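The sequence shown begins at 1 in UniProt numbering and counts up one residue at a time.
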Amino acid sequence: MILLQINFDFPVEYMGENLTNNAQPLAESINLEKGFISKIWIENKETARSGGIYIFDTLENAKNYAEMHSKRVEQMGATNIVSEYFEINEPLSTLNKGI
Numbered sequence: 001m002i003l004l005q006i007n008f009d010f011p012v013e014y015m016g017e018n019l020t021n022n023a024q025p026l027a028e029s030i031n032l033e034k035g036f037i038s039k040i041w042i043e044n045k046e047t048a049r050s051g052g053i054y055i056f057d058t059l060e061n062a063k064n065y066a067e068m069h070s071k072r073v074e075q076m077g078a079t080n081i082v083s084e085y086f087e088i089n090e091p092l093s094t095l096n097k098g099i
């Protein structure tokens with residue numbers, strides 16, 4: 001399994017309740033992405049940074065999603081988009097209830 005972390009600068013006024021109320025269709029579409037397992041939505045209003053922590057089944061699927069999603073969030077006003085990929089240590093993550 002692969003952890004994908006995407007972070008970007010994002011207008012603060014779009015975060016929080018505004019994002020929750022308007023991103024339901026986006027959230028539902030993410031569930032349909034090839035190899036998608038889970039997502040944690042993250043935001044920091046103090047630094048105007050937002051993003052997500054995702055788990056995908058393969059690096060290929062994670063990279064394909066990151067490429068597509070980076071273009072999508074850029075159209076929504078995101079800048080300075082950074083994607084990072086990590087292999088998940090499944091035995092230790094399972095022990096700590098991470099997966």
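Cβ coordinates follow ideal geometry from the N, Cα and C atoms, glycine included. Values in this document were obtained by computation on a predicted structure and should not be read as measured data.
If the five residues before and after T58 are omitted, its C-beta is found closer than 6 Å to the C-beta atoms of G35, all from its own chain and listed in chain order. The beta-bridge partner set that DSSP reports for K39 consists of Y54.
Separation of the CB atoms of Q5 and E84 is rounded to 5 Å, and the pair is thereby assigned contact status at 8 Å. Distance from the CA of V73 to the CA of F8, rounded to the nearest whole angstrom, comes to 9 Å. Counting along the chain, I6 sits inside the beta strand (DSSP E) bounded by residues I2 to D9.
With respect to the 9 Å criterion, P11 and G52 are not classified as neighbours on the basis of their beta carbons. Distance check between Y65 and each of Q24, G16 and N31 places N31 closest, using alpha-carbon atoms only. Contact check for M1 against E67 fails: the beta carbons are separated by 9 Å or more.
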